[in-house]
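Since the structure comes first, as structure tokens, the remarks are kept for the end.
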Amino acid sequence: MTYRNPPTTPRKSATFDDYTLSEIRRAAATGIYDIRGAGAKRKLPHFDDLLFLGASISRYPLEGYRERCDTSVVLGSRHAKKPIELKIPITIAGMSFGSLSGPAKEALGRGATLSGTSTTTGDGGMTEEERGHSKQLVYQYLPSRYGMNPRDLRRADAIEVVVGQGAKPGGGGMLLGQKISDRVAEMRTLPKGIDQRSASRHPDWTGPDDLEIKILELREITDWEKPIYVKVGGARPYYDTALAVKAGADVVVVDGMQGGTAATQEVFIENVGMPTLACIRPAVQALQDLGMHRKVQLIVSGGIRNGADVAKALALGVDAVSIGTAALVALGDNDPRWEAEYNELGTTAGAYDDWHEGRAPAGITTQDPELMKRVDPIAAGRRLANYLKVMTLEAQTIARACGKNSLHNLEPEDLVALTIEAAAMAGVPLAGTNWIPGKNGF
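Structural data, given as structure tokens:
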């Protein structure tokens, strides 16, 4: 009789997992690197790795339905004659017309206005839909200069000089020809239907000294009325924040690698930059070292999803957060009701990231006239406003539980971390200990 060892279950490699194998095969077949949207999909230390310490004997909680918890914030009070006054500390990040459809841009403006917050133009210029429905509109001034003109700079309520983006710090974006319609081409002064790649750096300055000159130029154009933001991708947040402040910024925006993008190389998205959680404390420290914390406001973006994320960011020293991907989902992007059409594109609603192809079934990240008809900007704006309301209520609930009558009174002492990595990044103790990794040399 012949004896055999019992069969074992086949074991797949953790290094060469199914996705990695499929990418190798795709690269071998096409000779082209992969382009996609959305931010990093790999698991990174994030706000889920932090917990709040609610009030007990040592702290006195506030009654949730009887005691006020302030949510307002003023942005740009350092130099601007007309700083931005918001009812909530949650803003809408820059997402371009071209990447998004006209109805989607209108919906963002409507939702932000209903919520008492601001929205941002993104690359490619200012649309009338967005300006007409946004009470507070931030105009992005990007390396491409697409659609930029002095008239729109003056029509904006603030100007955001974009140096970098979380999904691609040091790199430019892409807009494929199928999304460059007649209107997009006219706004950007581009040929219709031809792929375009945005520049990775500004054409008329190369460093912080030049940035100071550029900021002064923008102030002169706008009669010193508009707050000037400087946005950087999460790479060297301490030095970038310090240099932006010294260049004269009213507000610094730091975007972590969970921040989305319409289209860039996947190898960029997954391997360049730092997690949002790792960016906050260095940026706050830079402001504190310069004596400018709360005088120059700090906005953080990249993977903000709910009120707990908002509260945790504010507790770490941020003045406001910005959302992009979450706002698109609130409008109706990646909605399972279009699952059959996502399947036809070779994907699923929850994973769709080929925004650059212009075939998004939800009609939000496309220039296809028929698909765009699926977006009702009034209804979508209300959905966004509902989402922002829930996020704000969630953050208030946490703040009251910590005994705070303002979201901006939350502090690092209200937090602990679940992992050593999160404790080190956020600069808060590991839960159950008083140990902050890296502090005092330990």
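So that you can map any letter, position 176 of the sequence shown is 191 in this note's numbering, and since no number is skipped, the others follow by simple counting.
Note that beta-carbon positions come from the ideal geometry of N, C-alpha and C, so glycine has one too.
Please read these numbers as outputs of a predicted model, since none were measured by experiment.
- Exposure label - Phe112; buried when at least 16 CB within 10 Å: By the neighbour-count definition (other C-beta atoms within 10 Å, threshold 16), Phe112 is a buried residue.
- Message: Could you compute how far the alpha carbon of Ala326 sits from the alpha carbon of Leu403?
- Response: In a straight line, the C-alpha of Ala326 is about 13 Å away from that of Leu403.
- Task: Apply the 10 Å Cβ neighbour rule to Val268 and answer buried if 16 or more other Cβ atoms are within range, or exposed otherwise.
- Result: With 16 or more other Cβ atoms within 10 Å, it is buried.
- Query: Taking the alpha helix (DSSP H) that Leu399 falls in, what are its first and last residues?
  - Reply: From DSSP, the alpha helix (DSSP H) with Leu399 extends over Pro392 to Ala416.
- Task: Mark Ser392 as exposed unless 16 or more other C-beta atoms lie within 10 angstroms of its C-beta, in which case mark it buried.
- Result: Note on identity: in this sequence residue 392 is Pro, with Ser being the wrong assignment. By the 10 Å Cβ count, Pro392 comes out buried.
- Query: Any idea if Ser87 is buried or exposed, counting beta-carbon neighbours within 10 angstroms, 16 or more meaning buried?
  - Reply: With fewer than 16 other Cβ atoms within 10 Å, it is exposed.
- Count the other C-beta atoms from every protein chain shown that fall within 10 angstroms of the C-beta of Ile379, then say buried if there are 16 or more, exposed otherwise. Note on Ile379: 16 or more other CB atoms within 10 angstroms of its CB, so buried under the neighbour-count rule.
- Go through the region 75-99 residue by residue and report every complete run of the beta strand (DSSP E) that reaches 3 residues or more, in order. Secondary structure in the region 75-99: the beta strand (DSSP E) runs of 3 residues or longer, each lying completely within the stretch, are 88-90 in chain order.
- Kindly list the residues whose CB is nearer than 7 Å to the CB of Ala437, restricted to its own chain and excluding five residues on each side of it in sequence; keep chain order. Correct list, in chain order: Pro60, Asp64, Leu65 and Leu292.
- Give every residue of the same chain whose Cβ lies closer than 6 Å to the Cβ of Met387, excluding the five residues on either side of it in the sequence, and list them in chain order. Annotation for Met387: Ser116, Pro118 and Gly378 place their beta carbon closer than 6 Å to its own, counting only its chain and skipping 5 residues before and after.
- Task: Could you check the C-alpha separation between Lys419 and Pro376 for me, to the nearest Å?
- Result: Between Lys419 and Pro376, the C-alpha separation is close to 43 Å.
- Query: Hey, out of Ile174, Gln155, Leu422 and Asn401, whose CA is closest to Asp238's CA?
  - Reply: Ranked by how close their Cα comes to the Cα of Asp238, the residues Ile174, Gln155, Leu422 and Asn401 have Ile174 in first place.
- Message: Here's a check: name, in chain order, each residue in its chain whose Cβ is nearer than 6 Å to the Cβ of Glu281, leaving out the five neighbours to either side.
- Response: Result list for Glu281: Asp49 and Arg51, in chain order.
- Query: Can you give the Cα-Cα distance for Pro218 and Leu226, rounded to whole angstroms?
  - Reply: For Pro218 and Leu226, the distance between alpha carbons rounds to 11 Å.
- Query: Is Glu145 closer than 8 Å to Thr134 when the C-beta atoms are compared?
  - Reply: In this structure, the beta-carbon distance from Thr134 to Glu145 falls below 8 Å.
- Message: For the alpha helix (DSSP H) containing Ile379, name the first residue and the last one.
- Response: Note, Ile379: premise wrong, no alpha helix (DSSP H); not H, not E.
- Which residues DSSP lists as bridging His308, in chain order: Bridge pairing for His308: Val311 [DSSP].
- Task: For Arg166, name the three-state secondary structure that DSSP assigns.
- Result: In the three-state DSSP reduction, Arg166 falls in the helix class (H, G or I).
- Answer yes if the region 234-250 comes into contact with the region 176-184, meaning at least three C-beta pairs across the two stretches below 8 Å, and no otherwise. Because the criterion of three Cβ pairs below 8 Å is met, the region 176-184 and the region 234-250 touch.
- Which first and last residues belong to the beta strand (DSSP E) in which Asp63 is found? Neither: Asp63 is in no beta strand (DSSP E) and is coded neither H nor E.
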